[in-house]
Amino acid sequence: MTWTMSHINDRFQEESPSPAVVRRSRALTVLVITFVLLAVASCATSPSADRTSHEAQVAEADWMPVTSGDIVTSRPFDGTVTRPPGAPVYFHGTGTVTAAPALESLLEPGDVAIRVDDHPVVVLPGDVPVFRDITRVVTTPEADPTPKPGNVPTEGAPEPDSAQLAPGNDIRQLQSFLASAGYFSGAINGRFSDLLGRACNAWRLDNGLSSYAGFRADEIVFLPGPGPWAVASTDVSPGQSIADSQFMSVTQGAAVVTVDLDRQPEPDVTYAALPVAGDASSEVPLTILGPATQGDNGPVQLLGLPDGVLLQPGASLVVEQRRRLAVGVTLVPIGAIRVDGRGDTFVRCRNSGQTEHDCPVSLGAHDSANAAVLDGLRPGQEVAVPA
Numbered sequence: 001m002t003w004t005m006s007h008i009n010d011r012f013q014e015e016s017p018s019p020a021v022v023r024r025s026r027a028l029t030v031l032v033i034t035f036v037l038l039a040v041a042s043c044a045t046s047p048s049a050d051r052t053s054h055e056a057q058v059a060e061a062d063w064m065p066v067t068s069g070d071i072v073t074s075r076p077f078d079g080t081v082t083r084p085p086g087a088p089v090y091f092h093g094t095g096t097v098t099a100a101p102a103l104e105s106l107l108e109p110g111d112v113a114i115r116v117d118d119h120p121v122v123v124l125p126g127d128v129p130v131f132r133d134i135t136r137v138v139t140t141p142e143a144d145p146t147p148k149p150g151n152v153p154t155e156g157a158p159e160p161d162s163a164q165l166a167p168g169n170d171i172r173q174l175q176s177f178l179a180s181a182g183y184f185s186g187a188i189n190g191r192f193s194d195l196l197g198r199a200c201n202a203w204r205l206d207n208g209l210s211s212y213a214g215f216r217a218d219e220i221v222f223l224p225g226p227g228p229w230a231v232a233s234t235d236v237s238p239g240q241s242i243a244d245s246q247f248m249s250v251t252q253g254a255a256v257v258t259v260d261l262d263r264q265p266e267p268d269v270t271y272a273a274l275p276v277a278g279d280a281s282s283e284v285p286l287t288i289l290g291p292a293t294q295g296d297n298g299p300v301q302l303l304g305l306p307d308g309v310l311l312q313p314g315a316s317l318v319v320e321q322r323r324r325l326a327v328g329v330t331l332v333p334i335g336a337i338r339v340d341g342r343g344d345t346f347v348r349c350r351n352s353g354q355t356e357h358d359c360p361v362s363l364g365a366h367d368s369a370n371a372a373v374l375d376g377l378r379p380g381q382e383v384a385v386p387a
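Numbering (the numbering used here), first residue to last: 1 to 387.
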């Protein structure tokens, strides 16, 4: 059949929809458009759409190297510099105090702690307190007036005779101190000898004491530990009489830091004191001094300061409690990690100078800056961190 223009027009007229059909057609068109929009939205949330969006962000990203290191979490706490309770120190003798120890001063072995009748009293390391003079004992034997055959009685006092001082740990700790100071080279055996007497005399002359082959009980004070010792309290003042009594209390070493915690710490935590704002000094590592004890408001942790770090009691500082969750692992910056529509983690990665691509990664522990990579990356690669 041959189709002419009139046939087409007639056919068109025959097949033209009625007004009701037009309305139904328009409704169907709106419904189809709605489904198309929903499909577009669905595609926008698909994994491929996620990665397309991510690739657009990578164009303005910073490329950072993959490194290895530790994952460390940290929590800040308020710390206070304090001193532990002081141990009492006694002077063995009588006299008038002419110079008293200074509160909060540090005493090194051999330092003068107090002066009595202008005579210095020095501190030495030792666990055994002073209880006698440490010197060679000189005794005077009684004269025998009865003449013996062949002997003629002599006039006047008999000649003195040197006797050995009883051995003891007080002598041993004096020997140890003088040996460490370079004055004594004999055996550390707790026995007084002429060699020890000469060492005592040499040390005395080099440190402002009078010449004497030993030490009298009112010239020295033995304190536990190697020192230094901090003067925690003073019990005397110049002009005061003293007789075999306590004149100060000391603590071993420098001050400690007290930290009030909110819960018992994990066994593998460490601590560091952070520098205050504007302070150019670095952080100070702190040593845990025993387990945390229970205080009025929770656990209390005592922390020791390194040698040479002196802080005034009462000072406040920020103490950071740290815990290592992973050691020597591959690290990726938190900002580089992405999650696709399936919930899988990936990063945009590349070998140095090469084409970038998506790298699926398995992640472990993380801190505020990095996450540990269990699989998918290695040190030396680079990852994109959106700017």
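Using N, Cα and C, we set each Cβ at its ideal position, and we do this for glycine too.
Could you give the residue range of the alpha helix (DSSP H) that holds Ser176?
Segment 169-180, the alpha helix (DSSP H) holding Ser176.
Taking the beta carbon of His357 as the centre, do at least 16 other beta carbons fall within 10 Å, making it buried, or is it exposed?
Its Cβ having fewer than 16 others within 10 Å, His357 is exposed.
Can you tell me where the alpha helix (DSSP H) with Gly197 in it begins and where it stops?
Element bounds for Gly197: 194-206.
Just checking my contact of Val318 with Val284 at CB under 8 Å: how many whole Å lie between their CB atoms?
Val318 to Val284, Cβ: 11 Å. No contact.
First and last residue of the beta strand (DSSP E) that includes Ser362?
Taken as a continuous stretch (DSSP letters only), the beta strand (DSSP E) holding Ser362 covers 362-366.
Does DSSP classify Ala336 as helix, strand or coil?
Here Ala336 sits in helix by DSSP.
Just tell me which of Gly304, Ala232, Gly79, Gly335 has its CA closest to the CA of Phe346.
Here the closest residue by C-alpha is Gly335.
Per DSSP, what kind of secondary structure is Gln246 in: helix, strand or coil?
Correct three-state label for Gln246: strand.
By DSSP's criteria, Pro125 is part of a beta bridge. Which residues make up the other side?
DSSP, once it has assigned bridges, lists Leu223 as partnering Pro125.
Just checking my contact of Val256 with Leu303 at CB under 8 Å: how many whole Å lie between their CB atoms?
The pair is a contact, with the Cβ atoms about 6 Å apart (cut-off 8 Å).
For the candidate residues Leu261, Val332, Phe177, Pro101, whose alpha-carbon lies nearest to that of Gly69?
Among Leu261, Val332, Phe177, Pro101, the Cα nearest to that of Gly69 is on Val332.
With the cut-off set at 8 Å, would you say Thr94 and Ile242 are in Cβ contact?
Contact: yes.
If we ignore side chains and look at the alpha-carbon of each, how far apart do Arg83 and Asn297 end up?
Taking the straight line joining both Cα atoms gives about 20 Å.
For Val66, is the classification buried or exposed, using 16 other Cβ atoms within 10 angstroms of its Cβ as the cut-off for buried?
Buried: at least 16 other Cβ atoms inside 10 Å.
Which value, in whole angstroms, describes the spacing of the CA atoms of Asp62 and Asp78?
Each residue's Cα considered, the two are about 37 Å apart.
Work out the CA separation of Thr355 and Phe35 for me, nearest whole Å.
In this predicted model, Phe35 has a pLDDT of only 34, less than 50, meaning its place in the structure is not dependable; the value taken from the coordinates is given anyway. Rounded to whole angstroms, Phe35 to Thr355 spans 38 Å at the Cα level.
Put Glu414 into one of helix, strand or coil per three-state DSSP.
Coverage of the chain is limited to positions 1 through 387, which leaves residue 414 absent and any answer about it impossible.
What's the C-alpha gap between Pro101 and Trp203?
So the two alpha carbons sit approximately 22 Å from each other.
In chain order, what residues of the same chain lie with their CB nearer than 8 Å to the CB of Ile171, ignoring the 5 residues before and after it?
Answer for Ile171: Ile134, Leu165, Gly190, Arg191, Phe192, Leu196, listed in chain order.
Can you pull the DSSP bridge partners for Asp118?
Per DSSP, none; premise fails for Asp118.
If Tyr90 sits next to Ser245, beta carbons under 8 Å apart, how far is it from one beta carbon to the other, in whole angstroms?
Their Cβ separation, rounded to whole angstroms, is 7 Å, which keeps Tyr90 and Ser245 in contact under 8 Å.
Give the C-beta separation of Val383 and Met64 to the nearest angstrom, bearing in mind that I take them to be a contact with Cβ-Cβ under 8 Å.
Confirmed, Cβ separation roughly 6 Å.
Does DSSP put Thr374 in a helix, in a strand, or in coil?
Per the sequence presented here, residue 374 reads as Leu, with Thr not at that position. Note: Leu374 maps to strand in three-state DSSP.
Name the DSSP bridge partner or partners of Tyr391?
For residue 391 there is no data in the structure shown, the boundaries of the chain being 1 and 387.
Can you give me the start and stop residues for the beta strand (DSSP E) that Glu382 sits inside?
Note, Glu382: beta strand (DSSP E), 382-386.
On a Cα-Cα basis, can you pick out the residue from Thr258, Thr287, Leu261 that is closest to Tyr271?
The shortest C-alpha separation from Tyr271 is found at Thr287.
Which whole runs of the beta strand (DSSP E) in the stretch 268-347 are 3 residues long or more, in chain order?
For the stretch 268-347, whole beta strand (DSSP E) runs of length 3 or above, ordered along the chain, are 269-274, 284-288, 299-304, 316-333.
Identify whether Leu107 lies in helix, strand or coil by the three-state DSSP scheme.
Leu107: strand per DSSP, three-state reduction.
Relative to the alpha-carbon of Leu377, which residue among Gly364, Thr251, Gly227 has its alpha-carbon at the smallest distance?
Measuring from the Cα of Leu377, the nearest candidate turns out to be Gly364.
Classify Thr293: buried if its beta carbon has 16 or more other beta carbons within 10 angstroms, exposed otherwise.
Thr293 is exposed by the Cβ-count criterion.
Can you tell me which of Ala315, Ala217, Leu107 puts its alpha carbon nearest to the alpha carbon of Ala232?
Out of Ala315, Ala217, Leu107, Leu107 has the C-alpha closest to the C-alpha of Ala232.
Once the 5 residues before and after Asp375 are set aside, which same chain residues still bring their CB inside 8 Å of it?
Taken in chain order, the residues that qualify are Val361, Ser362.
Tell me the DSSP secondary structure of Ser74 in three-state form.
Of the three classes helix, strand and coil, the one that applies to Ser74 here is strand, per DSSP.
So what's Asp262 in DSSP terms, helix, strand or just coil?
The answer is coil: DSSP assigns Asp262 none of H, G, I, E or B.
In chain order, what residues of the same chain lie with their CB nearer than 8 Å to the CB of Gly380, ignoring the 5 residues before and after it?
Cβ within range, chain order: Pro65, Val66, Asn351, Ser352.
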